[in-house]
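Participant: Pasting in a structure now, in structure tokens, and then I'll have a few things to ask.
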Amino acid sequence: MKSTDDQPVVIPRSYSKIITYQERDYHIFVSIPADPPPESGFPVIYLLDGNSVFATMTEAIRIQSRGPERTGVYPAIVVGIGYPTDGPYHPARFFDYTYEVPVSELPGNPKGAEWPQMGGAEQFLTFLEEELKPSIENYFPVDRTQQAIFGHSLGGLFVLHVLLTKPHAFQRYIAGSPSIHWNESVLLAKESQLPKLLTDDLDVHALLTIGELESDGRFLVKEKSLALVERLSSMGNGQIKASFKEFADENHSSVLPVLISQGLKFATKKTAR
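Taking this note's numbering, the leading residue of the sequence shown gets 47, the next gets one more, and so forth.
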């Protein structure tokens with residue numbers, strides 16, 4: 047069917063560029079609503095593993111935000127953070143989304159190989175806060191009071207790292223199937239310091255999710271997520287509103303489209319100011 051007249055498929059109102067930070071290359075994807083921006087600017091969703099889910103999220107929000115009064119999804123800017131690859135994932139995510147922990151604490155690699163380099167979560171968060179977010183805010187009308195971060199699996203783990211160490215960075219945190227077992231000792235240590243960061247002006251919403259078919263008893267992701275939600279909800283004076291959802295009949299991969307649909311409602315929901 048291919049002919050000389052064929053053209054590449056383009057997602058409307060979407061753009062991409064390569065940003066280099068600390069000698070690491072990131073493929074940044076951005077989609078902009080067709081609607082005129084509200085006076086306060088658009089909500090913005092920072093999406094980890096952008097190579098795998100940017101197109102899905104962009105199309106989902108493009109369709110559902112046409113009738114926000116019915117769908118609960120409002121127009122928003124989507125910023126996908128990926129890597130220079132044609133594949134859905136890149137090994138660099140292991141470094142960017144994790145803290146350095148003893149090899150003895152890591153799960154076994156199903157391929158029998160050593161895991162890629164890890165331990166770059168702090169550097170990656172600095173990139174988001176000091177390089178990427180200012181760049182997006184400089185070029186696009188962003189509502190700085192309605193910013194969300196979305197991650198799945200190791201990306202979900204990184205979302206929790208941000209919530210526990212810099213809760214003011216975003217207002218909405220979406221951690222799908224978070225790999226809590228991966229850096230659990232570090233995560234618990236960071237959590238113990240979180241109460242010191244809960245200022246009176248903090249108003250954060252966190253959503254932790256899992257697919258029903260992921261609950262196979264190996265890593266106890268459901269149990270660990272539920273326990274974390276309970277602990278977060280009991281901290282301070284209610285500055286963190288944490289919730290949990292389980293999606294029926296979905297596995298670790300198939301859960302992504304439904305997570306995106308639910309995540310869009312969570313990320314763009316209008317809140318009283």
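Ideal Cβ placement from N, Cα and C applies to all residues, glycine included.
Can you tell me where the alpha helix (DSSP H) holding Y185 begins and where it ends?
Facilitator: 179-185
Participant: Pull up the DSSP beta-bridge partners for V9, would you.
Facilitator: The question about residue 9 has no answer here: the residues shown for the chain are numbered 47 through 319.
Participant: Note down the Cα distance separating L274 from P54, rounded to an integer number of angstroms.
Facilitator: Going from the Cα of L274 to the Cα of P54 covers about 44 Å.
Participant: Applying the criterion that 16 or more other CB atoms from any shown protein chain within 10 Å of the CB defines a buried residue, is Y61 buried or exposed?
Facilitator: exposed
Participant: With a threshold of 8 Å, are at least 3 pairs of Cβ atoms found where one atom belongs to the stretch 106-115 and the other to the stretch 187-203?
Facilitator: no
Participant: Rounding to the nearest angstrom, what Cα-Cα distance links L210 and E151 in this structure?
Facilitator: 20 Å
Participant: State yes or no: is the C-beta of S181 within less than 9 Å of the C-beta of I65?
Facilitator: For S181 and I65, yes; Cβs fall inside 9 Å.
Participant: One question on the structure: do A138 and P162 come within less than 9 Å of each other, judged by their Cβ atoms?
Facilitator: yes
Participant: Determine which residues share a DSSP beta bridge with F293 and list them.
Facilitator: G257
Participant: Determine the direct distance from the alpha carbon of A122 to that of T104, and round the result to whole angstroms.
Facilitator: 9 Å
Participant: Starting from I220, follow the beta strand (DSSP E) in both directions and report where the run begins and ends.
Facilitator: 218-222
Participant: If you run the structure through DSSP and keep just helix, strand and coil, what is T117?
Facilitator: helix
Participant: Return the bridge partner residues of K63 from the DSSP annotation.
Facilitator: I74
Participant: Using alpha carbons as the reference points, say which of K268, Q192, D247, K212 lies closest to S225.
Facilitator: K268
Participant: Please name the residue in D71, V188, E296, E176 whose C-alpha comes closest to that of P82.
Facilitator: V188
Participant: What does the alpha-carbon distance come out to for the pair A318 and F216?
Facilitator: For A318, the predicted structure reports a pLDDT of 48, less than 50, and the residue's modelled location is therefore unreliable. A value from the coordinates is still provided. Cα to Cα, the separation comes out at about 16 Å.
Participant: Have a look at L233 and D52 and give me their C-alpha separation to the nearest angstrom.
Facilitator: 49 Å
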